[in-house]
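33 is the number that our numbering gives to position 20 of the sequence shown; each next residue is one higher, with no gaps.
Every residue, glycine too, gets a C-beta built ideally from N, C-alpha and C.
Take a look at the structure below.
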Amino acid sequence: MYKKVRDLREDKDMTQQQMADFLNVTQATYSRYESGELDIPTQILIKLSRFHKVSVDYLLGLDDNGKL
């Protein structure tokens, strides 16, 4: 899951700080989401899925297609 979150961010040429600002978290917190050190809360997963236009199932690794 964490690699997908990072890859989607990088595909948009966004920094961790930019994504953290969008999610209203610190860059350190967002970094911990991407590294897997911190579980991503449900509300953040929903925001990420809407932002990247993929399903939450895709982010969680339950669906390989994922595009909405």
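Which of the three DSSP states, helix, strand or coil, is assigned to Val-67? Residue 67 sits at position 54 when you count from the first residue of the sequence shown. The answer is strand: DSSP assigns Val-67 an E or B state.
Over the uninterrupted alpha helix (DSSP H) stretch that includes Leu-36, give me the two end residues. Position 23 of the sequence shown, counting from 1, holds the residue named residue 36. Boundaries of the alpha helix (DSSP H) around Leu-36: 29-36.
Taking C-alpha atoms, which residue in Lys-25, Ile-57, Arg-22 and Leu-51 lies nearest to Asn-37? Locating residue 37 in the sequence shown gives position 24, counting from the first residue. With distances taken between Cα atoms, Asn-37 lies closest to Ile-57.
Using a 10 Å radius around the Cβ and a threshold of 16 neighbouring Cβ atoms, would you call Ile-53 buried or exposed? Numbered from its first residue, the sequence shown carries residue 53 at position 40. With a threshold of 16 other beta carbon atoms within 10 Å, Ile-53 meets it and is buried.
Run the CB neighbour count on Glu-50, radius 10 Å, all protein chains shown included, and call it buried at 16 or more, exposed below. Along the sequence shown, one-based indexing puts residue 50 at 37. The residue is exposed, with fewer than 16 neighbouring Cβ atoms inside 10 Å.
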